[in-house]
Every structure is written in structure tokens, then in C-alpha cells.
Amino acid sequence: MLPVAFGRRLLRFIPFVGAGSELPEGLRLTADGYIVGMPAETCDSVITVIASAPFAESVSAEFGLKVGLGISPFLSSALADGKVGEGYYANVDNTGGAASVSYAIKDGSALPEGLTLSVSGEISGAPTEAGCWQFTVVASADGAISDEKQFTIYVYEPAGSVTVRVPDPDGAIGRAQEFGATLGIVGIALGAAGLAVGIAATVVAAVRGRRKK
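Residue numbers 6 to 218, in our numbering, belong to the letters of the sequence shown in order.
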């Protein structure tokens, strides 16, 4: 709150003395309209301030004042990635499990399908859909001002198993041979080492060529 001047008259501010209008312990109102200090207690109240000036009628106004506990409820690190259908666990809590702090998903925000958030900050379950999920968690505690933070979880399809088909494992000199493969996810390529002369592995997960002497 800033001082206001009317002509040459400078307003002075004083707190109203009365039940329910006191400033929290550790704070004070200066004559030029600033609330300063370090609060020693929490509060959520309305205080009345009186403004006066020489040769002018005093006026008063009410102001809301909320002082909460200082907490750092969230982990600063990013959350681990997940895989579709596999168990997932993470914890957003940074208070060491303090009983007074509880966590919830902010309205309009959502976790990946298949995951849930407990009141103690634990994210668990098995995601059912791949994608990038951004959501906001709200932390609250008795006597504290609520805090919130946005997190991101990347959910990937699991790497599928590779099944190799070998029609003729011995091969034959001068005859084309193919070693196919069935993959569980698009984008995986097979490689090979120690192939015979004339045989090469392709990036489409097949081995082709003619064996030479």
C-alpha cells in the first residue's frame, strides 16, 4: 500500500485497534502505508487500516491478509518415463512424508490413463496408452498456502520381442537365402556379425545374399 498525497497534505496510516483486526505477530504497519516485518504466526483474516491527514476527516478500509507456512512440497527432479502395461512408481513429495501435507491432481488436469496419485504424493499403476502427459499437482497443508507444480510423464510402447525365422540355417552356395524377423514395434532393426562372405544384413530386419566359396 502506497502513501497518497492530496495537495500538500500527506496521508498517514495506522492499524485499527479492535478484535479480529490485529496484524500477525512480527508484522507492523508503517506510517506511510507499508506492512513490514517477518510474521511469526499464520493467519487468514481481514484487517482494518485508518488513513488520516491534517485538517481532513479520517477514512478506513479493510484488507485481506493471509500468511501461511513456508513449505517446499515438491521434488525438483523430473519424473521417470513409463511403458505401456508395465508397473510404474514415482513420488512427487519432498517433505519426507509429513502428515500435514496432501497432494491432489488439479481440476482440469489428468495423469496418464492407468496411473493414480495418492494423498501422500505417490504415483503408481500401469499406464495403458503411450504419449506425453503433462499434469499439475496441488500440495496443501494445514496453516499453509497451497502450492502447485506441473510435471511431465512420457509413456512409451514396450520394446517387443524378436522372433527370427531361419528357413535353411546352413544355406547353400550360390542360392539366395533370407532370414526374416517378426518385431513387436515399428522402428527396430536387426544387425548381424560374423556373416559369411556374400551375406549382408539389411535395415529392414532381413538377411539376404548368396554364399560364396
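We put the beta carbon where it would ideally sit given N, CA and C, even for glycine.
Where residue i falls, given that 16 or more other Cβ within 10 Å makes a residue buried
| i | result |
| --- | --- |
| residue 98 | buried |
| residue 168 | Unreliable positioning characterises residue 168 in this predicted model, as indicated by a pLDDT of 49, which lies under 50. A coordinate reading is not provided. |
| residue 31 | exposed |
| residue 192 | At residue 192, the pLDDT of 47 sits below 50, so the modelled position is not reliable and the matter cannot be decided from this model. |
| residue 54 | buried |
| residue 18 | buried |
| residue 72 | buried |
| residue 190 | With a pLDDT of only 46 at residue 190, under the threshold of 50, the placement of this residue in the model should not be trusted; the figure read from the coordinates follows. Looking at its Cβ environment, which holds fewer than 16 other Cβ atoms inside 10 Å, residue 190 is exposed. |
| residue 156 | buried |
Proximity below 7 Å, CB of residue i to CB of residue j
| i | j | result |
| --- | --- | --- |
| residue 132 | residue 106 | no |
| residue 116 | residue 140 | yes |
| residue 144 | residue 108 | yes |
| residue 120 | residue 130 | yes |
| residue 113 | residue 158 | no |
| residue 57 | residue 65 | no |
Pick from the options that is closest to residue i, judged by C-alpha positions
| i | options | result |
| --- | --- | --- |
| residue 41 | 50, 29, 51, 80 | 29 |
| residue 90 | 135, 101, 84 | 135 |
| residue 94 | 127, 47, 69 | 127 |
| residue 38 | 51, 16, 70 | 16 |
| residue 102 | 146, 118, 152 | 146 |
| residue 67 | 81, 58, 50, 59 | 50 |
| residue 162 | 63, 52, 46, 92 | 92 |
| residue 125 | 138, 118, 142 | 142 |
Element boundaries [beta strand (DSSP E), containing residue i]
| i | result |
| --- | --- |
| residue 69 | 64-72 |
| residue 57 | 48-57 |
| residue 34 | 32-34 |
| residue 146 | 136-146 |
| residue 153 | 152-161 |
Legend entry - Segments of 3+ residues assigned as beta strand (DSSP E) that fall wholly inside the region 94-134: Complete beta strand (DSSP E) runs here, min 3: 106-110, 120-122, 127-130.
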